[in-house]
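**Student:** The structure is given below, and queries will be raised subsequently.
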Amino acid sequence: MTANHLQKLIAEKNRLELEVTKLQQTESRKQRSHILIQKGALLDKYLDAHHLSIEETEELLQLFSNFIKEKRPQRFNKST
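Residue numbers (the numbering used here): 9 to 88.
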């Protein structure tokens, strides 16, 4: 195996690794976007917030945030 051939193989390996990384990042972004869309739909459904602007929705959530954090069952708390 020549040095030139070896360099080409290394370059191809690096290109493929970069491609895999980009595909994984794209898939991760798609999954996160899907989750955010689902949560937004639930927010609209249960808080009847579909008519509110982004700023109004944030204000509504801030009003109830501390109450919800204090009263939610332990199973909904972030595990560390």
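We treat Cβ as the ideally placed atom computed from N, Cα and C, and that holds for glycine.
If you follow the alpha helix (DSSP H) that residue 85 is part of, which residue opens it and which one closes it?
**Tutor:** Here the question's residue 85 lines up with position 77 in the sequence shown. Run containing residue 85: none; DSSP gives neither H nor E here.
**Student:** In the DSSP assignment, find the unbroken alpha helix (DSSP H) run with residue 34 in it and report its ends.
**Tutor:** As a working note, residue 34 is residue 26 in the sequence shown. Segment 11-55, the alpha helix (DSSP H) holding residue 34.
**Student:** Suppose contacts are defined by Cβ-Cβ distances below 8 Å. Is residue 44 in contact with residue 55 by that definition?
**Tutor:** Locating residue 44 in the sequence shown gives position 36, where the first residue counts as 1. Locating residue 55 in the sequence shown gives position 47, where the first residue counts as 1. No, these two residues do not count as a Cβ contact at 8 Å.
**Student:** Do you know offhand how far residue 78's Cα is from residue 33's?
**Tutor:** The residue given as residue 78 occupies position 70 in the sequence shown. The residue given as residue 33 occupies position 25 in the sequence shown. If I take the Cα positions, the gap works out to 35 Å.
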